[in-house]
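According to my numbering, the sequence shown is numbered sequentially starting from 16.
Glycine residues also receive a C-beta, built at the ideal position from the N, C-alpha and C atoms.
Right, one structure below, let's go through it.
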Amino acid sequence: MNQKQCHILIAGAGIGGLALALALSRIGVYVEVLEQSHTLGEGGAGLQLSPNAYGILKDWGLDDKYDLTLSANFPVAIQARDAATNDVLSELQLGARAVNLYGAHYATMHRADLHKLLLNAVRKQPKLNIHRNAKVERAQDTATGVKVSTERDDLTYEADALVGCDGLWSFMREHVVGTDAPIATGHVAWRALLPFSMVPNDFRQDCVHAWMAPHMHIVAYPVRRGEFLNIVVVTEDDQPADTPSRQSWSRDATGLSPLDVKNNCQTFALNKKVIELLKTVNIGNGGGWTRWTLFDRAPISSSLDMYNPQHPRFALLGDAAHPMRPYLAQGAAMALEDAQALALAVQENWGDLPKAFQTYANRRWQRVAKVQVQSRRNGEIYHMQGMMRMARNVALRLAGPKLMEMPWLYQGPRI
16 MNQKQCHILI AGAGIGGLAL ALALSRIGVY VEVLEQSHTL GEGGAGLQLS
66 PNAYGILKDW GLDDKYDLTL SANFPVAIQA RDAATNDVLS ELQLGARAVN
116 LYGAHYATMH RADLHKLLLN AVRKQPKLNI HRNAKVERAQ DTATGVKVST
166 ERDDLTYEAD ALVGCDGLWS FMREHVVGTD APIATGHVAW RALLPFSMVP
216 NDFRQDCVHA WMAPHMHIVA YPVRRGEFLN IVVVTEDDQP ADTPSRQSWS
266 RDATGLSPLD VKNNCQTFAL NKKVIELLKT VNIGNGGGWT RWTLFDRAPI
316 SSSLDMYNPQ HPRFALLGDA AHPMRPYLAQ GAAMALEDAQ ALALAVQENW
366 GDLPKAFQTY ANRRWQRVAK VQVQSRRNGE IYHMQGMMRM ARNVALRLAG
416 PKLMEMPWLY QGPRI
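Written out as structure tokens, the structure is:
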């Protein structure tokens with residue numbers, strides 16, 4: 016293929032943007048990435064890469080060429096626990112079992128480590144450029160291409176198409192879907208990294224731990240090759256949501272912890288061992304807690320949420336199209352699947368990007384919508400109280416592994 020035949024701009028150099036840049040460059044597309052920040056990197060904390068996501072990274076060669084296996088942890092199981100008793104209600108075995116069933120590992124990583132791996136791979140691709148301080152300010156599509164102006168460098172970029180990978184507060188979304196601001200979910204995520212040397216002995220297993228309680232849940236797993244335990248506590252917030260800017264929707268919570276949240280942890284008797292784990296964060300040297308207000312949008316209802324034929328040279332990917340609540344741990348995975356699917360559609364419809372974008376959206380939207388709906392449902396299940404909580408616990412004890420297994424998800428999309 017002649018690379019000059021296809022030139023695509025990508026708005027955003029996060030995990031989704033870099034994944035798409037890598038996938039497209041591997042098939043011969045000339046790619047330019049426009050990143051609004053002056054630095055390239057990811058903050059945040061940990062993430063989970065289920066087999067559907069890890070398999071894509073493996074297909075791209077990141078497992079052996081770019082030390083993916085040295086940056087990831089490979090938990091042996093997911094344990095569902097009751098937060099009051101700390102009892103294991105059910106356990107889903109991972110490790111070799113996941114590889115045998117789905118062809119890929121189930122892994123956990125720090126977001127920054129995954130971003131660095133993708134960035135290193137992207138930088139080795141020919142004819143691929145990343146422009147920093149290049150926030151997209153104006154975008155115009157024509158019958159044959161796009162013209163994009165950026166805010167800081169006052170330059171105009173021209174290409175065959177533009178894909179918005181610019182996250183929850185996407186500028187490009189307005190050009191595809193229209194103006195629809197994200198909505199506060201009423202949930203808050205408290206995130207922390209605890210040095211593994213400080214983790215209480217009861218929680219030093221190489222597992223994904225998930226504790227469920229009324230109005231809240233806790234997830235913890237190792238990252239950074241076992242150097243840290245990533246902890247996420249999601250609580251229901253009865254206070255009005257802050258209105259975040261596009262640039263920042265988290266805030267430092269130094270000196271506070273989720274144990275201080277009114278009407279959540281204080282009104283439910285957490286097991287003392289779980290409390291000990293949470294209290295250890297504030298005396299550790301991992302940086303304390305960061306408080307994230309969770310926003311999302313309604314699950315997508317058609318391919319028009321990812322591609323609109325009225326603007327045939329624009330498309331959306333990842334959170335720009337379909338933000339995910341974190342209760343299925345599929346945010347990064349869906350962005351990786353999007354990137355793989357979009358590149359395949361471009362390859363199949365070389366020279367006809369509108370048809371490629373339509374093919375991509377048609378293939379992706381129903382699976383993504385199902386994941387969004389199931390993520391919301393998981394949040395309801397995790398936070399059950401009263402008789403519903405008791406019924407959930409009985410069901411997990413009796414048929415837990417079958418309830419926790421998700422072959423429709425972990426096997427990846429069938430294209």
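Endpoints, alpha helix (DSSP H) assigned at residue i
| i | result |
| --- | --- |
| F372 | 368-397 |
| N115 | 111-117 |
| I30 | 30-40 |
| L104 | Per DSSP, L104 belongs to no alpha helix (DSSP H); it is in the beta strand (DSSP E), 103-108. |
| W226 | Careful: W226 lies outside any alpha helix (DSSP H), inside the beta strand (DSSP E) at 222-228. |
| R306 | That residue, R306, is in no alpha helix (DSSP H); its beta strand (DSSP E) goes 305-311. |
| N323 | No alpha helix (DSSP H) contains N323, which DSSP labels as neither H nor E. |
| A410 | 401-419 |
| Y342 | Note, Y342: premise wrong, no alpha helix (DSSP H); not H, not E. |
Cross-strand partners of residue i (DSSP beta bridge)
| i | result |
| --- | --- |
| E166 | The partner list for E166 (beta bridge, DSSP) is empty, contrary to what the question assumes. |
| F243 | P210, V238 |
| R153 | S164 |
| T171 | S164 |
| N88 | T123 |
| I233 | W226, V248 |
| I198 | D311 |
| N144 | E47 |
Short Cβ contact (8 Å threshold) for residue i with residue j
| i | j | result |
| --- | --- | --- |
| A330 | V151 | no |
| I315 | C180 | no |
| I30 | L129 | yes |
| Y81 | A136 | yes |
| I396 | D311 | no |
| A98 | V296 | no |
| H125 | A196 | no |
| N67 | Y322 | no |
| A174 | G303 | no |
| W436 | V248 | In the structure as shown, the chain begins at 16 and stops at 430. Residue 436 is therefore absent and cannot be evaluated. |
| G110 | F89 | yes |
| S65 | A350 | no |
| V361 | L39 | yes |
| L35 | L77 | no |
| M399 | R407 | yes |
| E363 | Y172 | no |
Residue i - containing beta strand (DSSP E), residue span
| i | result |
| --- | --- |
| I93 | 92-97 |
| G61 | 61-64 |
| G179 | 176-179 |
| E363 | Note, E363: premise wrong, no beta strand (DSSP E); alpha helix (DSSP H) at 346-363. |
| H22 | 22-26 |
| L331 | 329-331 |
Whole-Å CB distance - residue i paired with residue j, under 8 Å assumed
| i | j | result |
| --- | --- | --- |
| R105 | A95 | According to the sequence as given, residue 105 is Ser; it is not Arg. Yes, they are in contact, since the Cβ atoms of S105 and A95 sit about 5 Å apart, within 8 Å. |
| L332 | A354 | 7 Å |
| V386 | M339 | 7 Å |
| T250 | H224 | That belief does not hold up - the Cβ atoms of T250 and H224 are roughly 17 Å apart, past 8 Å. |
| L49 | H146 | 5 Å |
| R378 | A356 | 6 Å |
Pick from the options that is closest to residue i, judged by C-alpha positions
| i | options | result |
| --- | --- | --- |
| M419 | W75, V46, A92 | A92 |
| A284 | A28, K385, T100 | T100 |
| G43 | L411, G58, I23, Q155 | I23 |
| C21 | G427, A414, D367, K131 | D367 |
| F218 | G241, G201, Y375 | G241 |
| W184 | Q51, S390, P422 | Q51 |
| F243 | T123, Y342, W365 | T123 |
| P428 | T305, L359, K287, A371 | L359 |
| P210 | G160, H202, T194, A235 | A235 |
| E166 | M421, T159, A154 | A154 |
Residue i Cβ short of 7 Å to the ligand FAD heavy atom set
| i | result |
| --- | --- |
| S105 | You won't find the ligand FAD in this model; it holds no ligand whatsoever. |
Residue-level contact to chain B via CB, residue i, 8 Å cutoff
| i | result |
| --- | --- |
| I290 | Among the chains in the structure shown there is no chain B, since it carries only a single protein chain. |
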